[in-house]
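Visitor:
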Amino acid sequence: MSSHRTVTRLAGLAVVATFVSAACSSSGASVAPSVAASAAASTAPSAAASTAASAAASAAVAPKDATTAAAAGGVDAICAAGKTEGTVNLIATPPDWANYGQMITDFTAKTGIKVKSDQPDVDSAAEIKAANDLKGTGRQPDIFDLTTAVTLANLDKLAPYQVATWADIPDANKEPTGVWTKNYTGFQSIAYDSSLGDITKVADLADPKYKGKVALNGDPLKAGAAFNGVVMAALANGGSADNIAPGVEFFKKLTQSGNLIPVDPAPATIALGTTPIVIDWTYNEVPQIAKLQPSGINWKVIVPSDASPVGAFYNSAINKDASHPAAARCWLEYVFSDAGQNTWLKGGAIPIRLAAMQKAGTLDQAALAAVNPPTTPVVQLTNAQVDAATQYLKDNWKFITILPPK
Amino acid sequence: MIDPPAGAPAPPTVRTAGSASRGAGRGRLRGAGNYLAFVPFLAYIGLFLIVPTLIVAGGAFLSIQGDPTLDNVIQLFTDEVFVSAFITSIQLALGTAILGAVVGGLLAWAVARGDPNGQLRQVVVAASGVLAQFGGVMLAFAFLATFAGTGLVTLFFKNVLHVGVPYDTTWLFGLTGLVVVYAYFQIPLMLIVFLPSLDGLRQEWYDASASLGGSSWAFWRHVGGPILAPSFLGALLLLFTNAFSAYATAAALISQGSPIVTLQISNQLQSEVVLGQENVGKALALGMIVVVTLVMTAYALIQRRASRWVR
Amino acid sequence: MTDPGGAVVGAAGAAGPEGGGSAVVARPTGAGRGRRRSRRQFGARIAILVLVFGYLLLPLLAMLEFSTRGDYGSRSLRSYVAILEYPDLIDGITTSLGIAVLTVFGMLLLLVPTMVWTIVRVPRMRRVIEFLCLLPLAIPAIVLVVGIAPIYRWMGQSLGGVGGSPLTLALVDIILVLPFAYRAIDSGMRTVDVATLADAARSLGAGWPRTILQVIVPNIRGGILSASVLAVALVLGEYTISSLLSFDTLQVVIFLLGKRDAYVAVAVSLAALVFAFVLLYAIARFAPGTGQRARIAPEEEPAT
Chain A
347 MSSHRTVTRL AGLAVVATFV SAACSSSGAS VAPSVAASAA ASTAPSAAAS TAASAAASAA
407 VAPKDATTAA AAGGVDAICA AGKTEGTVNL IATPPDWANY GQMITDFTAK TGIKVKSDQP
467 DVDSAAEIKA ANDLKGTGRQ PDIFDLTTAV TLANLDKLAP YQVATWADIP DANKEPTGVW
527 TKNYTGFQSI AYDSSLGDIT KVADLADPKY KGKVALNGDP LKAGAAFNGV VMAALANGGS
587 ADNIAPGVEF FKKLTQSGNL IPVDPAPATI ALGTTPIVID WTYNEVPQIA KLQPSGINWK
647 VIVPSDASPV GAFYNSAINK DASHPAAARC WLEYVFSDAG QNTWLKGGAI PIRLAAMQKA
707 GTLDQAALAA VNPPTTPVVQ LTNAQVDAAT QYLKDNWKFI TILPPK
Chain B
3 MIDPPAGAPA PPTVRTAGSA SRGAGRGRLR GAGNYLAFVP FLAYIGLFLI VPTLIVAGGA
63 FLSIQGDPTL DNVIQLFTDE VFVSAFITSI QLALGTAILG AVVGGLLAWA VARGDPNGQL
123 RQVVVAASGV LAQFGGVMLA FAFLATFAGT GLVTLFFKNV LHVGVPYDTT WLFGLTGLVV
183 VYAYFQIPLM LIVFLPSLDG LRQEWYDASA SLGGSSWAFW RHVGGPILAP SFLGALLLLF
243 TNAFSAYATA AALISQGSPI VTLQISNQLQ SEVVLGQENV GKALALGMIV VVTLVMTAYA
303 LIQRRASRWV R
Chain C
1156 MTDPGGAVVG AAGAAGPEGG GSAVVARPTG AGRGRRRSRR QFGARIAILV LVFGYLLLPL
1216 LAMLEFSTRG DYGSRSLRSY VAILEYPDLI DGITTSLGIA VLTVFGMLLL LVPTMVWTIV
1276 RVPRMRRVIE FLCLLPLAIP AIVLVVGIAP IYRWMGQSLG GVGGSPLTLA LVDIILVLPF
1336 AYRAIDSGMR TVDVATLADA ARSLGAGWPR TILQVIVPNI RGGILSASVL AVALVLGEYT
1396 ISSLLSFDTL QVVIFLLGKR DAYVAVAVSL AALVFAFVLL YAIARFAPGT GQRARIAPEE
1456 EPAT
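Residue numbers (this note's numbering), protein chains in the order written: chain A, 347 to 752; chain B, 3 to 313; chain C, 1156 to 1459.
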């Protein structure tokens, strides 16, 4: 038994390692950023040293403007300033999404900063809209948690900040000045009410008996879960990370046959029975299993067998116009700290610093075992591939409006 | 623009005893000063209604950079997504208006025939007032609780009758679903708007028709029908506008795809973020204003004719 | 136009529980009818009423059934109790009620003096005011919000805390409620000879504010009450503008809650509906100056 678990654990680690190194070695960003990244990596310690020295001599950078923790006098200084600000505004952070609930509770307990969690169930595009609409009112989000496509389209709204654990994060998973940093991921899965039958493959979704039952978690142009659901469908139908056309075709087919319904799945829609089959991240659906038991629904979550597992990291960023900039930085420090990263893991998501923490021995082994990552190599789109896919979707996802509802 | 619902009492003679008897000598200056009292009202309407409308109408003709352009408006006709949205919206509004008008009209007739001071009437009218306002988010939940996978009707078929549901389970999110759901507030609205007209039908007319040898059917065809037709049509147009402009119900039911114009507008407001189409949303809004204005003008004209008959 | 029923409520105001001479209670003068005909009619009426009410009651029943589901097939009222445990929901209710109060006062302040003035001084403006008050019907709420967003953005950024408060929604809600409030107050004013009242008060030395507040308003109580109820109903049910301007009013909170916890969302919706019905019915029956009890004594009825 234990040797089996060790093997699984090692296999999982191997997967994650390939996952993370695939992200590193992929061409994704151009050469310049990786050069800049290594430059940043090398200057960071020296910069820290020199600013620490100059901090003693002159006033340190105000925590709210800091681009690194060191420049402001350390994480504690930043969080103290954050406590003075009092609150940090989050958006689109549902309590059962990768364990955000626990993260928020622990953060407030540790730093004394209150968390205001607005509009939990909206997508990445809505986060940016809120930032635009509420700019200057004090209610705008301080922190973004965005899918890659939306991140790349809105770089001008993000503030640069390198967390204290910057060095642990592979270069391809962070923007050199820190305007965005990849944080956590899961695997695309199909979750369904097991009383409907047995679903093991993406292809099963096209079965006529599932008419009116399949839901994709969002609009792929605006939400990461949906975007990667399309990628997964592409992989299952002969496509690749560079070619998501077969995925779009598949969903078009599902819409035409009436299998796919234009409804965003959420804990409530599952309880209502509106969306008995959901395409979403593992970490979103696994917590539902326990929640749905008392209502008599047997919820099952599977990673389909006819496609390579798909993963995609969400990007954490600070709003350039945040009204609580120090608190925002403190939050970022927390989620990238050992405690924060382990919280993601406990929620069923893979944290970005997994490899480094495993080496340092700070990883929560029990949580990793519970996550049970798939044993086949995970596909993760590079930023360039995300761009290309987004472009394709802009022109080809319109069928969901045009195909006449009956 | 829109006259009182048919059946409202004729206005009492309005007397301006004040100004007439108060010395016409100061008339001119007084006259101008009197209009000043309207400034707050006019300013308020100007700022919060007229200006936003102008912003929408004007913005529809501007590009992202701010230059005048017809591109946004042209897109309304060339982009298949927008054309489809307008067609679906109009189909939906028409379908639910007709359904609401017919069923609501019948309901109004059933109520009008009864005791005018009775409990039934009071309850029905109060209930209609509430149900007609019961829209949007709450209505969507009501129908989901009824027809969704674990809803009452579905469970009834499954657990009591032990058969599958006899209808296509996607219907709630398609055109049919929207029509049925909208009917929920269209029928009470029809009742409220149309009942006064039915009350205006005199029993004497019915008796007269009967004494001339006419049957029930003849009465409706030659007397009742023509009299009620204008207000019926007017009510139908009102229902059309109501459905065409509705947003919350559809937004609560359909979270992806934006098949109707109102959803498209909100989608465009969000898409600015990702796809950068600043003013297309305003063009869509302008399109809506045009449609609604046409319908409401027709309604006003019909109402003027209808109020002739009913005192 | 506000959401489904936005227009409705207006008509409700005009023809519903307010104002003496309300058309709803005009009676068809009864003469004798053939018994056969009336029995057939009776049958048809019953059939229609049963069918339509069946359709209208079904979703309400479903909501009741759904919101009282407990664990493992049991029945429980915990969803209703849970309403109190969601601070967001309580916040949404208080926010919406606050906006409702402001809307009522703003609407009355704006409309009553203006309408009185058209009767007493400048009758020519009546048509203009009527047109302007009915104009919001031609501009759907979703369109209005597109145009008003820049104004709200400016308010939020330049006027600090007050400018960014959800209470500023009252400014827009007043516009939305104008058509219906106008109808209600207008109907109320028609049953009373406002001009004479104003003259009498003025000739006795009262200033305009006193005339309006202490003489005219008490006499059009019915219309004002009706308009206020309409305003409250509209504000509580308003979703479109609140959500697109990112304010957390009651409907927005219910919408967001509806994605998290279906049971509580349905419970709140049903509770709100029942509350509204009870309120409207009670006002129709018991409020002074409305419905049947509003009959003006014969000698005061204005000549028509």
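Beta carbons are placed, not taken as given, at the ideal position from N, Cα and C, and that holds for glycine.
Here the structure is a predicted model, which is why all the values come from computation and not from measurement.
Mind listing the chain C neighbours of residue 618 (chain A)? Cutoff is C-beta to C-beta under 7 Å, in chain order.
Guide: On the first sequence, residue 618 (chain A) is found 272 positions in, with the first residue counted as 1. Correct list: 1417.
Visitor: Does any CB atom of chain B fall closer than 8 Å to the CB of residue 1388 (chain C)?
Guide: As a first step, residue 1388 (chain C) is located in the third sequence; it is residue number 233 there, counting from the start. Yes - at least one Cβ of chain B is within 8 Å of the one on residue 1388 (chain C).
Visitor: Measure from the alpha carbon of residue 176 (chain B) to the alpha carbon of each residue in B:94, B:230, B:49 and B:34, then state which is nearest.
Guide: Counted from its first residue, the second sequence places residue 176 (chain B) at position 174. Taking only the C-alpha atoms, the option nearest residue 176 (chain B) is B:94.
Visitor: To the nearest angstrom, report how far apart residue 371 (chain A) and residue 578 (chain A) are at their CA atoms.
Guide: Taking the first residue of the first sequence as position 1, residue 371 (chain A) is located at position 25. Taking the first residue of the first sequence as position 1, residue 578 (chain A) is located at position 232. Unreliable placement is indicated for residue 371 (chain A), whose pLDDT of 39 sits below 50; the coordinate value is still reported in the next sentence. Taking the straight line joining both Cα atoms gives about 21 Å.
Visitor: Nearest to residue 236 (chain B) by CA position, among B:206, B:204 and B:307, is which residue?
Guide: For the purposes of this step, residue 236 (chain B) is taken as the residue at position 234 of the second sequence. If we check each option's Cα against that of residue 236 (chain B), B:307 comes out closest.
Visitor: Which residues, in chain order, does the segment 1266 to 1278 of chain C contribute to contact with chain B at a C-beta distance below 7 Å?
Guide: Within the segment 1266 to 1278 of chain C, the residues whose Cβ lies closer than 7 Å to some Cβ of chain B are 1269, 1272, 1274, 1275, 1276, 1277 and 1278, listed in chain order.
Visitor: Assess, as a yes-or-no matter, whether the segment 695 to 707 of chain A is touched by the segment 502 to 521 of chain A under the definition of 3 or more beta carbon pairs within less than 8 Å.
Guide: These segments touch.
Visitor: Please return the same chain residues whose Cβ sits closer than 7 Å to the Cβ of residue 297 (chain B), not counting the five positions on each side in sequence.
Guide: As a position in the second sequence, residue 297 (chain B) is number 295, starting the count at 1. Counting only Cβ-Cβ distances below 7 Å, and skipping sequence neighbours, we find 239, 242 and 243.
Visitor: Where do the ends of the beta strand (DSSP E) carrying residue 490 (chain A) lie?
Guide: Numbered from 1 along the first sequence, position 144 holds the residue referred to as residue 490 (chain A). Start and end: 489 to 492.
Visitor: Mind checking which residues open and close the beta strand (DSSP E) that includes residue 645 (chain A)?
Guide: Along the first sequence, read from residue 1 onward, the residue named residue 645 (chain A) stands at position 299. Its beta strand (DSSP E) spans residues 645 to 648.
Visitor: Is residue 627 (chain A) helix, strand or coil by DSSP?
Guide: What you label residue 627 (chain A) is simply residue 281 of the first sequence in a count that begins at 1. Strand at residue 627 (chain A).
Visitor: Which word fits residue 1232 (chain C), buried or exposed, when buried means at least 16 other C-beta atoms lie within 10 angstroms of its C-beta?
Guide: For the purposes of this step, residue 1232 (chain C) is identified with residue 77 of the third sequence, where counting begins at 1. The residue is exposed, with fewer than 16 neighbouring Cβ atoms inside 10 Å.
Visitor: Below 9 Å on C-beta distance, what does residue 1402 (chain C) contact in chain B?
Guide: Mapped onto the third sequence, residue 1402 (chain C) falls at position 247. In chain order: nothing, as chain B lies at least about 14 Å away.
Visitor: Quick one: what does DSSP say residue 260 (chain B) is sitting in, helix, strand or coil?
Guide: As a working mapping, residue 260 (chain B) is identified with position 258 in the second sequence. Reduced to three states, the DSSP call for residue 260 (chain B) is coil.
Visitor: Quick one, which residues of the segment 278 to 300 of chain B are near chain C if we go by CB-CB under 7 Å, in chain order?
Guide: Cβ contacts with chain C come from 283, 284, 287, 290, 291, 294, 295 and 298.
Visitor: Note down, in chain order, all residues in the segment 204 to 216 of chain B with a beta-carbon under 9 Å from any beta-carbon belonging to chain C.
Guide: Cβ contacts with chain C come from 204, 205, 206, 208, 209 and 212.
Visitor: Quick check: the Cα distance between residue 553 (chain A) and residue 561 (chain A), rounded to an integer number of angstroms?
Guide: Counting from one through the first sequence, the residue named residue 553 (chain A) turns up at place 207. Counting from one through the first sequence, the residue named residue 561 (chain A) turns up at place 215. The straight-line gap from Cα to Cα measures roughly 14 Å.
Visitor: Note down, in chain order, every chain C residue with its Cβ under 9 Å from the Cβ of residue 189 (chain B).
Guide: As a first step, residue 189 (chain B) must be located in the second sequence, where it is residue number 187. Simply 1207, 1210 and 1211.
Visitor: Mind checking whether residue 657 (chain A) and residue 575 (chain A) have CB atoms under 8 Å apart?
Guide: Residue 657 (chain A) sits at position 311 when you count from the first residue of the first sequence. Residue 575 (chain A) sits at position 229 when you count from the first residue of the first sequence. Cβ distance not < 8 Å, so residue 657 (chain A) and residue 575 (chain A) don't count as in contact.
Visitor: Quick check on the burial criterion: 16 or more other C-beta atoms within 10 angstroms. Buried or exposed for residue 567 (chain A)?
Guide: Counted from its first residue, the first sequence places residue 567 (chain A) at position 221. When all chains shown are included, residue 567 (chain A) counts as buried.
Visitor: Any beta-carbon of chain B closer than 8 Å to the one on residue 1240 (chain C)?
Guide: If you number the third sequence from 1, residue 1240 (chain C) lands on position 85. So no, residue 1240 (chain C) is outside the interface.
Visitor: Identify the contact partners of residue 634 (chain A) in chain F, using a Cβ-Cβ distance below 7 Å as the criterion.
Guide: Among the protein chains of the structure shown, namely A, B and C, there is no chain F.
Visitor: Considering Cα atoms alone, identify which of B:185, B:193 and B:283 is closest to residue 245 (chain B).
Guide: Position 243 of the second sequence, counting from 1, holds the residue named residue 245 (chain B). Residue 245 (chain B) has its Cα closest to that of B:185, out of B:185, B:193 and B:283.
Visitor: So if DSSP puts residue 535 (chain A) in a beta bridge, which residue, or which two residues, is it bridged to?
Guide: One-based indexing of the first sequence puts residue 535 (chain A) at position 189. Residue 535 (chain A) pairs with A:626.
Visitor: Shorter than 8 Å from the beta carbon of residue 1301 (chain C) to some beta carbon of chain B?
Guide: Stepping through the third sequence from its first residue, residue 1301 (chain C) is reached at position 146. Yes, because at least one Cβ of chain B sits closer than 8 Å to the Cβ of residue 1301 (chain C).
Visitor: In this structure, does DSSP put residue 70 (chain B) in helix, strand or coil?
Guide: Numbered from 1 along the second sequence, position 68 holds the residue referred to as residue 70 (chain B). Note: residue 70 (chain B) maps to strand in three-state DSSP.
Visitor: For residue 1249 (chain C) and chain B, any beta-carbon pair shorter than 8 Å?
Guide: Here residue 1249 (chain C) refers to the residue found at position 94 when the third sequence is read from its first residue. By this cut-off, residue 1249 (chain C) is not an interface position.
Visitor: Would you call the CB atoms of residue 1311 (chain C) and residue 1339 (chain C) closer than 8 Å?
Guide: In the third sequence, counting from the first residue as 1, residue 1311 (chain C) sits at position 156. In the third sequence, counting from the first residue as 1, residue 1339 (chain C) sits at position 184. Contact: no.
Visitor: Select from A:612, A:438, A:572 and A:550 the residue whose C-alpha is nearest the C-alpha of residue 637 (chain A).
Guide: Working through the first sequence from its first residue, we reach residue 637 (chain A) at position 291. Minimum Cα distance to residue 637 (chain A) is reached at A:612.
Visitor: Ordered along the chain, which non-local residues of its own chain (more than five positions away) have a Cβ less than 8 Å from that of residue 1230 (chain C)?
Guide: Translated into the one-based positions of the third sequence, residue 1230 (chain C) becomes position 75. Within the same chain, residue 1230 (chain C) has close Cβ partners 1223 and 1224.
Visitor: Tell me, please, which residues DSSP counts as bridged to residue 718 (chain A).
Guide: Numbered from its first residue, the first sequence carries residue 718 (chain A) at position 372. BP columns for residue 718 (chain A) are empty, so no partner.
Visitor: So, under 8 Å CB-CB, residue 1244 (chain C) and residue 1423 (chain C) are touching, yes? Tell me the CB distance rounded to an integer number of Å.
Guide: The residue given as residue 1244 (chain C) occupies position 89 in the third sequence. The residue given as residue 1423 (chain C) occupies position 268 in the third sequence. Their Cβ separation, rounded to whole angstroms, is 7 Å, which keeps residue 1244 (chain C) and residue 1423 (chain C) in contact under 8 Å.
Visitor: Would you please state the rounded distance, in angstroms, between the beta carbons of residue 256 (chain B) and residue 608 (chain A)? I believe it to be under 8 Å.
Guide: For the purposes of this step, residue 256 (chain B) is taken as the residue at position 254 of the second sequence. For the purposes of this step, residue 608 (chain A) is taken as the residue at position 262 of the first sequence. Indeed they touch by this definition, with Cβ atoms about 5 Å apart.
Visitor: Quick check on the DSSP output: the alpha helix (DSSP H) that includes residue 208 (chain B) runs from which residue to which?
Guide: The count along the second sequence starts at 1 and reaches residue 208 (chain B) at position 206. 205 to 213 is the extent of the alpha helix (DSSP H) around residue 208 (chain B).
Visitor: Which whole-angstrom value describes the C-beta separation of residue 1251 (chain C) and residue 1390 (chain C), a residue pair presumed to lie in contact below a C-beta threshold of 8 Å?
Guide: In the third sequence, the residue the question calls residue 1251 (chain C) occupies position 96. In the third sequence, the residue the question calls residue 1390 (chain C) occupies position 235. The pair is a contact, with the Cβ atoms about 6 Å apart (cut-off 8 Å).
Visitor: On the CB-based measure, 16 or more other CB atoms within 10 Å of its CB, does residue 219 (chain B) come out buried or exposed?
Guide: For this step, residue 219 (chain B) is matched to residue 217 along the second sequence. So residue 219 (chain B) ends up on the exposed side.
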